[in-house]
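Student:
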Amino acid sequence: MLRNTFDFSDISPATLKNFLYDQSNVVLKDYGFTNPYIYSNYAVQPITDYLESLTTPMMLQIYANSMGKFLDYLGILRDDNAVQLALEYANKIEETAKNKLMKDNLETKMESITQGFRNFAESVGAFSQESLVPAVYIFANEFKQTGNMFRSGSNLYV
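Just so you know, we're using numbering that gives the first Met the number 0 here: the sequence shown kicks off at 0 and counts up by one.
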């Protein structure tokens, strides 16, 4: 189920960027940001700047690493709960995907992942107005790092 959910091979980086821009605006507004557009743009600009395509390994890496780094930054992720949190995160995304996923419907795939990300972050107390600014920077940086790693000509994943 998760592999299919993270299969974005039919989605262009520009499409993902636009979708995530809209979704991040919703989340930031929900948490009281009066001008979320600046943060949303910062979070998603690297998608088209650094990603040439969207593969399942890339998307899994981006979402797993972003959440892990975010929870580590907040002091929530520890050696003794890393496996448990990773499983809970995967379960939240899978649960959301089961409720939303329609085969070959790209929008529901994107919604499943973003809603699962939010549901999990909220369930562990990671989302607040104060924590969302660092989350934006972590997410943007993960797109940059992953894009550089998977860029054409890179021999890391050949």
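Using N, Cα and C, we set each Cβ at its ideal position, and we do this for glycine too.
Inspect the beta-carbon positions of K108 and Y49 and report whether they are closer than 7 Å.
Tutor: Taking C-beta atoms as the reference points, K108 and Y49 fail to come closer than 7 Å.
Student: So, with DSSP's three-state summary, where would you put I10?
Tutor: coil
Student: Throw me the rounded Cβ distance for the I92 and I112 pair, which I believe falls under 8 Å.
Tutor: 6 Å
Student: With H, G and I counted as helix, E and B as strand and the rest as coil, what does DSSP make of V123?
Tutor: coil
Student: Check for me: the alpha helix (DSSP H) holding G67 runs from which residue to which?
Tutor: 55-73
Student: Which stretch, first to last residue, makes up the alpha helix (DSSP H) that contains R2?
Tutor: 1-4
Student: According to DSSP, is E51 part of a helix, a strand, or is it coil?
Tutor: coil
Student: Candidates E51, T54, L27, L53: which alpha carbon is nearest A42's?
Tutor: L27
Student: Work out the CA separation of N140 and F126 for me, nearest whole Å.
Tutor: 18 Å
Student: By how many angstroms is the C-alpha of S52 removed from the C-alpha of D6?
Tutor: 11 Å
Student: Tell me the rounded alpha-carbon separation between F116 and Q22.
Tutor: Roughly 11 Å between the two C-alpha positions.
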